[in-house]
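For reference, the structure discussed in these notes is given below.
Residue numbers (the numbering used here): 11 to 636.
And the structure:
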């Protein structure tokens, strides 16, 4: 039978009800707080509104006072400035003075009517203040007329007329102090008084309503709090009756069951979750009783089996121990064989390495022989080429010797001609000296002729002209003779230089001819030596080719030896691996046998412990009363 879960339902309903009560309590507390804030705001609005109304009344009185004082003092400008300063900041033309109440925005540039709207004045209240402001503006017009008459010293047109027997000062004093002026002042104060009375009534009514609503919210919060307390008390009572008491009774039954007496059971007295739990526990207890009875029967049977198993495991452990000894003997023999095979394999590795080194040496020698053969072939080709070049060079050297001999003979002839020219140039120098001498004598004769012509007078003029021309010709001949002498001297110097150079050149040609003869002899010797070298290189090349063929045969034999050695080494490695595998298998068998032996010992111990455990289980199960 399934329980109806009344506890869960009751818990859920109680929790939902408590949550709703708490929410209602919180809402009423929030509402009470809101009402309180509204009440405070209403009180503040009343206070600020009264302050602003009082400010309007006070400024109106200040305007009246400053106007009268200005007129009475005959135009003291301090009161003029104070009057119009009040008018300006009331209209919002300049910032509000710091002397106003701190809650009415000192320093802010704002019209007084705007502040009234911000404070939440009603239309009725604003209309009353509008009437007062209109009356105040009319009064300001009268005050402005009086003050300007005093300031300007003449009649200024305005709402008031001047009497015929009045002075300007008397006129100004009269219009700000007569009954009409006081009547206008009373008109201003009338709407202000009504405004203050209605404002006080409205704010007082609002305060009373908010206070009453706050009291209602607080009362509701108190009621909800009481209901929450009652609900919590009922919940605690229900929890104690339906849950805690059954749990305590169940704990007492569990204490008896823990002692081993399973004849007790839980009393099912409720049709809820606790009752369902008790029924399920009783069913579980019956199952435990049946299980204990079955364990008692099986424990006796297991005890007999454990005794038989213990004796069998003792015999098995002895047999396994003997098998382990035999496996260890086989293992030692396998290890010795593995050692021998490993040594043989290592020896084969050494032999193979030696063969590899020999093969590498043969390959290196073969490569060296091939390289030497190629080098010698290249050298033989170079020697043949050099021999051909030397043949051509020998021809050139012979031609050079012939040309050198011809040049030497030509230079000798040229040197003789130069000597003859130099000897003949000395004769030209002597002829040039004779010409200069003749020119000098001619010049002297021309001068004498000119002197004689001068002595002859008129008869000697023609002769004087001829003498002058002869003198000029003698001077030109002398100048040309000097140039010829200078040129011949330079030419003689050049010829002497050429003669010296020709002698040096002749000596150089003799040396060149001698060296050319030596080169010709050396070239012939080198030609003969290179011919012998070419013949020897061919013989060396033939020998190198024979060595190369022999080296190739040795290389092939070494490679066959290396392949055979590697095959033998591979077989030895296989044998070594097989021996190692056998050794590893023997190790595993020995390890496995040891583990089996150890396991048999452990199983034997476990069997004995199992036998003891079965006996203990039988004793423990025997303690239960079923």
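Here a beta-carbon is modelled for each residue, glycine too, at the ideal position from N, C-alpha and C.
Nothing here was measured: the structure is a model prediction, and the numbers come from that model.
Practice task
Starting from the N-terminal side, write out each stretch of the beta strand (DSSP E) that is 3 residues or longer and does not extend beyond the region 188 to 264.
Solution key: The qualifying runs do not exist here; there are none.
Handout entry: CA-to-CA distance, residue 411 to residue 385, given in whole angstroms
Key = Within the chain shown, numbered from 1, the residue matching residue 385 stands at position 375. Within the chain shown, numbered from 1, the residue matching residue 411 stands at position 401. In a straight line, the C-alpha of residue 385 is about 37 Å away from that of residue 411.
Exercise for the section: Measuring alpha carbon to alpha carbon, tell me which of 346, 509, 418 ends up nearest residue 425. Expected result: Taking the first residue of the chain shown as 1, we reach residue 425 at position 415. Checking every option, the nearest Cα to that of residue 425 belongs to 509.
Practice task
Closer than 8 Å by C-beta to residue 129: which residues in its own chain qualify, once you throw out the five before and the five after it? Chain order, please.
Solution key: Translated into positions along the chain shown, residue 129 becomes position 119. Here the set comprises 55, 58, 59, 62.
Practice task
Apply the 10 Å Cβ neighbour rule to residue 256 and answer buried if 16 or more other Cβ atoms are within range, or exposed otherwise.
Solution key: Position 246 of the chain shown, counted from the start, is the residue given in the question as residue 256. By the 10 Å Cβ count, residue 256 comes out buried.
Problem - Range covered by the alpha helix (DSSP H) that runs through residue 145 - result: Residue mapping note: residue 145 aligns to position 135 of the chain shown, counting from 1. Taken as a continuous stretch (DSSP letters only), the alpha helix (DSSP H) holding residue 145 covers 133 to 162.
Practice task
Just mark residue 11 as buried or exposed, buried being the case when its beta carbon has 16 or more other beta carbons within 10 Å.
Solution key: Here the question's residue 11 lines up with position 1 in the chain shown. In this prediction, residue 11 has a pLDDT of 47, which is less than 50 and means its spatial position is unreliable; nothing more can be read from the coordinates.
Handout entry: Helix, strand or coil at residue 121 according to DSSP, with G and I counted as helix
Key = The residue you call residue 121 lines up with position 111 of the chain shown. In the structure shown, residue 121 sits in coil (DSSP, three-state: anything other than H, G, I, E or B).
Practice task
Take the Cβ of residue 629 as the centre, count every other Cβ of all protein chains shown within 10 Å, and call the residue buried at 16 or more, exposed below.
Solution key: For the purposes of this step, residue 629 is identified with residue 619 of the chain shown, where counting begins at 1. Exposed, by the Cβ-count rule.
Practice task
Determine the direct distance from the alpha carbon of residue 440 to that of residue 524, and round the result to whole angstroms.
Solution key: For the purposes of this step, residue 524 is taken as the residue at position 514 of the chain shown. For the purposes of this step, residue 440 is taken as the residue at position 430 of the chain shown. The C-alpha of residue 440 is placed about 43 Å away from the C-alpha of residue 524.
Handout entry: residue 22 - DSSP class collapsed to helix/strand/coil
Key = Locating residue 22 in the chain shown gives position 12, counting from the first residue. Residue 22 falls in the helix class under three-state DSSP.
Handout entry: Within 8 Å, strictly: CB atoms of residue 147 and residue 78
Key = By one-based count along the chain shown, residue 147 stands at place 137. By one-based count along the chain shown, residue 78 stands at place 68. At a Cβ-Cβ threshold of 8 Å, residue 147 and residue 78 do not count as neighbours.
Handout entry: Where residue 97 sits in the DSSP three-state scheme
Key = Stepping through the chain shown from its first residue, residue 97 is reached at position 87. In the three-state DSSP reduction, residue 97 falls in the helix class (H, G or I).
Exercise for the section: Count the other C-beta atoms from every protein chain shown that fall within 10 angstroms of the C-beta of residue 227, then say buried if there are 16 or more, exposed otherwise. Expected result: Walking along the chain shown from the start, residue 227 turns up at place 217. Counting of Cβ neighbours within 10 angstroms places residue 227 among the buried residues, the total reaching 16 or more.
Problem - Coarse secondary structure for residue 113, derived from DSSP in three states - result: Counting from one through the chain shown, the residue named residue 113 turns up at place 103. Note: residue 113 maps to helix in three-state DSSP.
Practice task
Sort 403, 168, 492 by Cα distance to residue 444 and report the nearest one.
Solution key: Counting from one through the chain shown, the residue named residue 444 turns up at place 434. Across the set 403, 168, 492, the C-alpha of 492 shows the shortest separation from the C-alpha of residue 444.
Exercise for the section: Please list, in chain order, all residues of the same chain as residue 124 whose beta carbon is under 8 Å from its beta carbon, the five residues on each side excluded. Expected result: Against the chain shown, residue 124 aligns to sequence position 114. For residue 124, where only same-chain residues beyond five positions count, the Cβ hits under 8 Å are 102.
Problem - Supposed contact pair residue 201 and residue 138 - C-beta distance, whole angstroms, cut 8 Å - result: Position 128 of the chain shown holds residue 138. Position 191 of the chain shown holds residue 201. Indeed, because the Cβ distance is near 4 Å, the residues count as touching under 8 Å.
Handout entry: Any 3 or more C-beta pairs closer than 8 Å across the region 62 to 76 and the region 106 to 114
Key = Short answer: they touch.
Exercise for the section: Give the straight-line distance between the Cα atoms of residue 367 and residue 611, rounded to the nearest whole angstrom. Expected result: Numbered from its first residue, the chain shown carries residue 367 at position 357. Numbered from its first residue, the chain shown carries residue 611 at position 601. Distance between the alpha carbons of residue 367 and residue 611 is about 59 Å.
Practice task
For residue 175, name the three-state secondary structure that DSSP assigns.
Solution key: Reading the chain shown from its first residue, position 165 is the one you call residue 175. Reduced to three states, the DSSP call for residue 175 is coil.
Problem - 8 Å Cβ shell around residue 541 - same chain, five flanking residues per side excluded - result: Position 531 of the chain shown, counted from the start, is the residue given in the question as residue 541. Around residue 541: 397.
Exercise for the section: Would you tell me roughly how many angstroms separate the C-alpha atoms of residue 180 and residue 145, rounded to the nearest one? Expected result: Taking the first residue of the chain shown as position 1, residue 180 is located at position 170. Taking the first residue of the chain shown as position 1, residue 145 is located at position 135. One C-alpha to the other measures close to 24 Å.
Problem - Contact between the region 243 to 255 and the region 13 to 32 (3+ Cβ pairs under 8 Å) - result: Contact between the region 243 to 255 and the region 13 to 32 is present, because at least three Cβ pairs lie under 8 Å.
Exercise for the section: Using three-state DSSP, classify residue 168 as helix, strand or coil. Expected result: Taking the chain shown and counting its residues from 1, the one referred to as residue 168 is at position 158. In the three-state DSSP reduction, residue 168 falls in the coil class, being neither helix nor strand.
Practice task
For residue 87, count neighbouring Cβ atoms within 10 angstroms of its own Cβ and tell me buried if that reaches 16, exposed if not.
Solution key: Counting from one through the chain shown, the residue named residue 87 turns up at place 77. Taking all protein chains in view, the Cβ of residue 87 is surrounded by fewer than 16 other Cβ atoms within 10 Å, so the residue is classified as exposed.
Problem - residue 476 (DSSP reduced to helix, strand or coil) - result: Taking the first residue of the chain shown as position 1, residue 476 is located at position 466. Under the three-state reduction of DSSP, residue 476 is assigned to helix.
Problem - Coarse secondary structure for residue 129, derived from DSSP in three states - result: Along the chain shown, read from residue 1 onward, the residue named residue 129 stands at position 119. DSSP places residue 129 in coil when its eight states are reduced to three.
Practice task
Determine, using beta carbons only, whether residue 90 and residue 161 come nearer to each other than 8 Å.
Solution key: By 1-based counting over the chain shown, the position of residue 90 is 80. By 1-based counting over the chain shown, the position of residue 161 is 151. In this structure, residue 161 lies closer than 8 Å to residue 90 by Cβ.
Problem - residue 81 and residue 157 closer than 8 Å at C-beta - result: In the chain shown, residue 81 corresponds to position 71, counting from 1. In the chain shown, residue 157 corresponds to position 147, counting from 1. A contact, by the Cβ cut-off of 8 Å.
Practice task
Label residue 155 either buried or exposed according to how many other C-beta atoms from any shown protein chain fall within 10 Å of its C-beta, with 16 as the threshold for buried.
Solution key: Within the chain shown, the letter at position 145 stands for residue 155. Buried is the call here.
Practice task
Note down, in chain order, each residue of its chain lying with its Cβ closer than 6 Å to the Cβ of residue 39, except the 5 sequence neighbours on either side.
Solution key: Numbered from its first residue, the chain shown carries residue 39 at position 29. These residues qualify, in order along the chain: 231.
Handout entry: Cβ neighbours of residue 30 in the same chain (closer than 7 Å, five flanking residues each side left out)
Key = As a first step, residue 30 is located in the chain shown; it is residue number 20 there, counting from the start. Nothing listed; no residue qualifies.
Problem - Nonlocal neighbours in the same chain, by C-beta distance under 7 Å from residue 182, ignoring five residues either side - result: Taking the chain shown and counting its residues from 1, one reaches residue 182 at position 172. The residues are 81, 156, 159, 160.
Problem - Three-state secondary structure (DSSP) of residue 338 - result: Here residue 338 is taken as the residue at index 328 of the chain shown, counted from 1. In this structure, residue 338 counts as helix in the three-state DSSP scheme.
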